[in-house]
Amino acid sequence: MSAFRQALTLELRHLRHDHWDLAGLTLVPGILIFIVAAIFWQGPMRQLPLAIVDSDGSTASRAVIRALDASPLVHLTGLYSSEVDAVRAVRAGNVMGFVHIPAGLGESVARHREPVVRILYNGSFLSAGGQVSRAAAEAIREAIPEIAANQLMNHAVPASRVRRLAVEATPLGNAPSSFEWFLGLLIFPAVLHLVAACVCAMAIGRELREGSLSDWASASGRVAPALVGKMLPYVAAISLWGIVWLLYLTLARGWRIEGSLPLIALGQTLFYAATAAIAALLVAVTRETATALSASAVYAGSALAYSGATLPLNGANAFAHIWSNVLPLTHYIALQMGEVSGQSVAAMVAPAMTLAAYVVIAWGGSVALIMARIRRA
């Protein structure tokens, strides 16, 4: 029996009898799919808490409040007498922001002035705060015609004097307001990356004997094919879960990939193979399962934040740029998002070659370290 087949058979036999390790490949990713899908099921944000500070108390301010209340993104939670109280509510986390309606709103509109309706939101929550601010601004603009119409009879203002607000929205990428498509494509590969790093480190770490893999390597025969056979079930299982997630987003939820789904699946396999190779290298270097797991959690857990996909790296220091380029997730996301947006196949060559280099270098390094310890033993 070849070393590859022997290692693969032994690993499958272990997974069949060890329910905890088997759950790491089956039950845990399934639960994570359910959790991530449930988080983004709604798609766009809705019913974000917003407060009102009404210094006007007229039909004009009531028109603004009705427009805000009609917005599906806004949920009016309270009326405050002053901005001080409203700011206190924002800092306490009770509301995401508040709208201050100035005194004399209707009068200002009727007399061709430009009243300032202030929208203040919690800048600590950039996405949610920006969303509620834009929704409130749109609702206020929609209330302007009603306010103007109510003031015409009272002040005999000619219709030509009432200016309409022109609103122009130009999306620059990431056009859908739904967070499911954009964040779903990023978060679940990052979650599977962390799962793969941990289960692969545990799988190879089980073979440590007195801080060395030499006994396992000697029993396996040839180290290189044995290592491939041992890691294959984990790479295959995690890659299949990645494909399940892509099919869920495209077939079940109706999102569209402009490029090639098979190419993304191929890129995922390379990505998780690179993760497995890095896990094997960490175990071979540290010779401790716990240390290898800790290192895996550090690099895989921080990968999404440093990938440049959610938080921009513009203006970041040299360490952030170097760390981003070192992480395999950065290059997989470049490959995936390029295919999602319909870039040419040539654009995926560079990230695919980088992922392949991770596989070759990390896998080759782990084999070299194990062989060196065998010779010393």
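Heads up, the sequence shown is in UniProt numbering, so the first residue is 1 and it goes up one at a time. All C-beta atoms, glycine included, are put in the ideal place defined by N, C-alpha and C. Since the structure is predicted, the reported quantities are computational estimates derived from the model, not experimental observations.
Residue i: buried (16+ other C-beta within 10 angstroms of its C-beta) or exposed?
i, result
"residue 35", "exposed"
"residue 47", "exposed"
"residue 27", "exposed"
"residue 351", "buried"
"residue 18", "exposed"
"residue 282", "buried"
"residue 275", "buried"
"residue 379", "Because residue 379 is not part of the residues shown, which for the chain are 1 to 377, the question remains open."
"residue 4", "buried"
"residue 322", "exposed"
"residue 328", "buried"
"residue 241", "buried"
"residue 71", "buried"
"residue 356", "exposed"
"residue 364", "exposed"
"residue 133", "buried"
"residue 79", "exposed"
"residue 175", "At residue 175, the pLDDT of 38 sits below 50, so the modelled position is not reliable; the number obtained from the coordinates is stated separately. Classification of residue 175: exposed, given that the 10 Å Cβ count is below 16."
For residue i, I'd like the list of residues in its chain whose CB is within less than 7 Å of its CB, leaving aside the five on either flank, ordered along the chain.
i, result
"residue 12", "233"
"residue 40", "179, 180, 183, 184"
"residue 239", "268, 269, 272"
"residue 223", "217, 367, 370, 371"
"residue 9", "none"
"residue 2", "225"
"residue 335", "267, 348, 351, 352"
"residue 451", "Past the boundaries of the shown model lies residue 451; the chain is included only from 1 to 377, so the question cannot be answered."
"residue 61", "54, 101, 105"
"residue 69", "76"
"residue 390", "Here the chain comprises residues numbered 1 to 377, so residue 390 is not present and cannot be evaluated."
For a test of the three-state rule: what should DSSP assign to residue i, helix, strand or coil?
i, result
"residue 208", "coil"
"residue 51", "strand"
"residue 5", "helix"
"residue 99", "strand"
"residue 78", "strand"
"residue 329", "helix"
"residue 141", "helix"
"residue 287", "coil"
"residue 246", "helix"
"residue 183", "helix"
"residue 213", "coil"
"residue 278", "helix"
"residue 73", "coil"
"residue 35", "helix"
"residue 120", "strand"
"residue 363", "helix"
"residue 26", "coil"
"residue 352", "helix"
"residue 41", "coil"
"residue 233", "helix"
"residue 343", "coil"
Using C-beta distances below 8 Å, list every residue in its chain close to residue i, excluding the 5 sequence neighbours before and after it, in chain order.
i, result
"residue 338", "259, 347, 348, 351"
"residue 341", "258, 259"
"residue 6", "220, 221, 226, 229"
"residue 16", "22"
Below 8 Å on the Cβ atoms is my guess for residue i versus residue j; work out the distance and round it to an integer in Å.
i, j, result
"residue 324", "residue 306", "5 Å"
"residue 303", "residue 136", "Not really, about 35 Å apart at Cβ, beyond 8 Å."
"residue 289", "residue 201", "7 Å"
"residue 139", "residue 74", "7 Å"
"residue 123", "residue 96", "Rounded, the Cβ-Cβ distance is 11 Å, inconsistent with contact."
"residue 261", "residue 249", "Not a contact, Cβ separation roughly 10 Å."
"residue 194", "residue 284", "Not quite, the Cβ-Cβ distance comes to about 20 Å (not below 8 Å), so this is no contact."
"residue 105", "residue 58", "7 Å"
"residue 296", "residue 197", "4 Å"
Excluding five sequence neighbours on each side, which residues of the same chain lie with their C-beta closer than 6 Å to the C-beta of residue i?
i, result
"residue 354", "331"
"residue 163", "Here the model assigns residue 163 a pLDDT of 45, short of 50, so the residue's position is not dependable, and the following value carries that caveat. Contacts found: none."
"residue 278", "362"
"residue 32", "191"
"residue 255", "181, 249"
"residue 49", "75, 77, 95, 96"
"residue 84", "none"
"residue 207", "213, 216"
"residue 333", "307, 309"
"residue 237", "25"
Is any non-hydrogen atom of the ligand PLP found closer than 7 Å to the C-beta of residue i, if you look at the structure I gave you?
i, result
"residue 363", "As presented, the structure is devoid of all ligands, the ligand PLP included, so that no description of it is given."
Please confirm whether residue i has its beta-carbon closer than 8 Å to some beta-carbon of chain C.
i, result
"residue 182", "Here there is only one protein chain, and chain C is not present."
So does the segment 266-280 actually touch the segment 311-320, counting three or more Cβ pairs closer than 8 Å? Fewer than three Cβ pairs drawn from the segment 266-280 and the segment 311-320 lie within less than 8 Å of each other, which leaves the two stretches out of contact.
Answer yes if the segment 52-60 comes into contact with the segment 97-106, meaning at least three C-beta pairs across the two stretches below 8 Å, and no otherwise. yes
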